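One structure is given below, encoded as structure tokens.
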Amino acid sequence: LFGGQIVGQALVAAARAVSRDEQVHSLHCYFVRTGDPKVPVLYEVERTRTGKSFSVRSVKAIQHGKPIFTCQASFQLSQPSPVKHQFTMPAVPPPEELLTQEELIQKFLQNPNLAERYRKHLTKIQAEDVPIDIKPVNPPDIFSSEPQEPKQLFWVRARGYIGDTDMKVHCCVAAYISDYAFLGTALLPHRQYRIKFMVSLDHSMWFHAPFRADHWMLYECESPWAGGCRGLVQGRLWRRDGVLAVTCAQEGVIRVEQTPNQSKL
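Taking the numbering used here, the leading residue of the sequence shown gets 35, the next gets one more, and so forth.
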């Protein structure tokens with residue numbers, strides 16, 4: 035099971051247990067067991083607190099009678115405030131000037147010098163049915179095993195039309211999008227190692243401003259730390275007009291072969 039799918043569906047369940055006027059502002063999740071893609075997921079919602087301005091809903095995703103995932107989502111009624119600030123959006127080329135992930139993969143696969151292990155990996159990605167349009171701003175050089183800065187930039191949007199509907203719907207879709215290729219940012223400085231195992235441990239999101247998940251947004255990802263078989267990644271989803279819409283953070287398990295890979299291709 036894709037972690038972003040569980041996060042998004044859990045948020046759908048939580049959002050159905052609050053009033054239409056309340057909007058999600060934060061979400062904190064833990065992946066506690068491996069999911070089974072062959073079994074339906076039951077989402078159990080607890081109304082933890084319902085206040086005048088804020089409400090909290092706790093969600094368990096259950097398979098085989100045991101929780102595989104837990105989260106708490108906090109919702110808020112709109113409140114004006116004079117206290118406002120945000121970072122500045124990175125200056126990057128617009129999505130119209132960039133290749134899609136599919137076009138980049140096809141370009142790499144046409145190179146006869148591509149190593150077989152990369153060819154298998156890219157073919158696997160190519161076969162995945164991902165409902166996200168992705169345009170990397172700074173795609174990694176797959177022909178080099180040299181360490182790279184743990185930062186990535188993507189233009190992302192949901193495939194298909196969602197429309198100007200309840201903001202909670204767009205937040206649920208953004209939760210799905212936010213988990214895609216996120217943890218991989220922590221591996222960019224360590225590309226000389228083969229991955230044995232990589233899985234998300236937790237996922238947190240903070241929603242700052244209205245947005246359309248079916249419109250292009252810039253996903254800025256970085257990894258400030260890795261160690262102890264874990265990696266930490268942080269992300270920001272920017273609207274095209276420079277407004278910071280969402281902030282994300284995630285920690286995951288990363289296990290690699292102890293001996294660096296010597297092959298350059």
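Yeah, the Cβ is synthetic: ideal placement off N, Cα and C, and Gly gets one too. Everything numeric in this text was worked out from a predicted model, so none of it was measured.
Burial state of residue i (16 or more Cβ within 10 Å)
i, result
"aspartate 213", "buried"
"glutamate 254", "buried"
"tyrosine 210", "buried"
"glycine 85", "exposed"
"serine 297", "Any reading at serine 297 is ruled out, since the residue's pLDDT is 47, under 50, leaving its predicted position unreliable."
"arginine 83", "exposed"
7 Å Cβ cutoff met for residue i and residue j
i, j, result
"aspartate 248", "arginine 289", "no"
"valine 277", "threonine 219", "no"
"glutamate 56", "serine 89", "yes"
"valine 46", "cysteine 206", "yes"
"proline 184", "leucine 222", "yes"
"leucine 242", "cysteine 63", "Just to set this straight, residue 242 is histidine in the shown sequence, not leucine. No, they are not a contact pair."
"proline 165", "phenylalanine 188", "no"
"cysteine 263", "valine 280", "no"
"alanine 107", "valine 41", "no"
"phenylalanine 231", "arginine 273", "no"
"lysine 202", "alanine 49", "yes"
"methionine 239", "cysteine 282", "yes"
Cut-off 7 Å between Cβ atoms - residues of its own chain near residue i, not counting five sequence neighbours on either side
i, result
"glutamine 97", "Gly69, Asp70, Val73 and Val75"
"leucine 156", "Ile139, Phe142 and Leu143"
"lysine 154", "none"
"glutamate 291", "Tyr227, Arg228 and Lys230"
Residue i (DSSP reduced to helix, strand or coil)
i, result
"alanine 48", "helix"
"glycine 265", "strand"
"lysine 154", "helix"
"alanine 209", "helix"
"leucine 299", "Unreliable positioning characterises leucine 299 in this predicted model, as indicated by a pLDDT of 40, which lies under 50. A coordinate reading is not provided."
"histidine 59", "strand"
"histidine 249", "coil"
"lysine 100", "strand"
Anticipated Cβ contact below 8 Å, residue i with residue j, distance rounded
i, j, result
"glycine 37", "serine 178", "Actually they do not touch by this definition, with Cβ atoms about 29 Å apart."
"arginine 225", "proline 181", "7 Å"
"glutamine 135", "isoleucine 176", "Going by Cβ atoms, the distance from glutamine 135 to isoleucine 176 rounds to 13 Å, so no, they are not a contact pair."
Residues near residue i by beta carbon distance below 8 Å, same chain, minus five either side
i, result
"threonine 104", "Cys63, Tyr64, Val66, Ser92, Val93, Lys94 and Ala95"
"phenylalanine 121", "Arg270 and Leu278"
Sequence-distant residues of its chain with Cβ nearer than 6 Å to residue i (five each side left out)
i, result
"valine 52", "Ser89 and Phe109"
"glutamine 186", "Thr219 and Cys255"
"leucine 132", "Lys169"
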